[in-house]
Amino acid sequence: MKTAFLIVLLLLLAPCEASGSGPGQPPAKDEGAIREAAPPVQVPPAAPVVRRKVRYPGEPATATAPARAQAPKASPCPGQLRKQQIVAAYRNRAPGQWGERVEGVRTRLDTEEPVVALTFDACGGPRGSRADTALIEYLQQERIPATLFVSGRWIDANPALFKRLAAEPLFEIANHGLAHRPCSVNGKSAYGIKGTASVAELVDEIEKNGKKIEAATGRRPRFYRPGTAYCDEVAVKVAGELGYEVVNYTVLGDAGATWPQEKVRQALLEAGHGAIVILHMNQPRSRTAAGVMEAVPLLREKGLRFVKLSEYPLR
Ligand SMILES: [Zn+2]
């Protein structure tokens, strides 16, 4: 009896584990292997997308409704349903802005306290998958809290280090996209890198890396920085539907890890109260670490202290 029940349950759950198309579902191209923790939202077909409550780090997950309360035969999985709703709501919205500071992007902490948030990107890719271990060790030795924006490509290239960073309480892990693509709903490019070409691609770029991070940290990331930091304002809204704040920066700290030590130091010394500084932790041959090491004691002398993004509201 118990075995029979289990078999029935497994059969009911089976479509959720398959990544291909099922009856009544759109072609595989538009489907994600995304499965979310939140229960499906019951929305009438024509209704606008309902914003899902953001689950912040440390906050308990919403209890999942019992399987038997759903009608598994007719409804797609929660993640697929969510993606379909977002695609339907945003597919015809044409963006009018393209850049690092479009409408909705956060660029500073909403405080006048003497705090600075250092953020370090790990972009991944053929020339971006190394790790600046001297920089990371320095942050740990000096007990400097930081927010690390990590792409799926970098995670795949550095699985052991990523696990250690995820377990380090000084750091919080944020989402830098699965493939480090500019955050677009229509394929706009930045620095010669093609952005996501549709809402569906954008949802995958964000959510599939979010799942990777959640698997390692036990927490759904709260912040997303697009690959190259470029985005359009519709894409920023889509990220918001997924529960993310899109975060760029107040102070450009190392220009993609290309600046000499002196320029990194100078940039950091310009960071005022509530500034978010963008730097990189994936270029060990860069002068970023040296510039940071020079600037940190000087910033501390000025009375500034370092915080993670999640410690303050953003604006
Ligand atoms: Zn990057």
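Quick note on numbering: my numbering labels position 189 of the sequence shown as 189, and the sequence is numbered without any gaps. Glycine is no exception: its CB is placed at the ideal position from the N, C-alpha and C atoms. All of these numbers come straight from a predicted model, not from anything done at the bench.
- Proximity of the segment 280–293 to the segment 253–260 meets the contact definition, three or more beta-carbon pairs being nearer than 8 Å.
- Where residue 148 is concerned, the enclosing beta strand (DSSP E) starts and stops at 146–150.
- By the criterion of a C-beta distance shorter than 6 Å, residue 98 is surrounded in its chain by 188 and 232, once the five residues flanking it on both sides are discounted.
- Residue 189 is bridged by DSSP to 194.
- When the alpha-carbon of residue 294 is set against those of 308, 265, 310 and 306, the nearest one is in 265.
- C-alpha of residue 121 to C-alpha of residue 147: approximately 9 Å in a straight line.
- Annotation: residue 118 is outside any alpha helix (DSSP H); the continuous beta strand (DSSP E) that includes it extends over 115–122.
- Nearest in C-alpha terms to residue 253, of all of 290, 127, 311 and 76, is 290.
- Annotation: the continuous beta strand (DSSP E) that includes residue 277 extends over 275–280.
- Separation of residue 109 and residue 270 (C-alpha to C-alpha, rounded to the nearest whole angstrom) is 15 Å.
- The segment 222–237 makes contact with the segment 169–187, as at least three CB pairs between them are under 8 Å.
- When DSSP states are grouped into helix, strand and coil, residue 139 belongs to the helix group.
- Distance check between residue 111 and each of 298, 276 and 197 places 276 closest, using alpha-carbon atoms only.
- Within 7 Å of the C-beta of residue 132 there is not a single heavy atom belonging to ligand 1.
- Assignment of residue 92 by DSSP, reduced to helix, strand and coil, places it in the coil class.
- In terms of Cα proximity to residue 272, the closest of 105, 242, 115 and 249 is 115.
- Looking at the backbone, the Cα of residue 235 and that of residue 141 are separated by about 38 Å.
- Residue 95 places its beta carbon 8 Å or farther from that of residue 199.
- In this structure, the alpha-carbon of residue 194 lies about 43 Å from that of residue 301.
- Its chain contains 106, 223 and 225 as the residues whose beta carbon lies nearer than 6 Å to that of residue 247, once the 5 sequence neighbours on both sides are disregarded; these appear in chain order.
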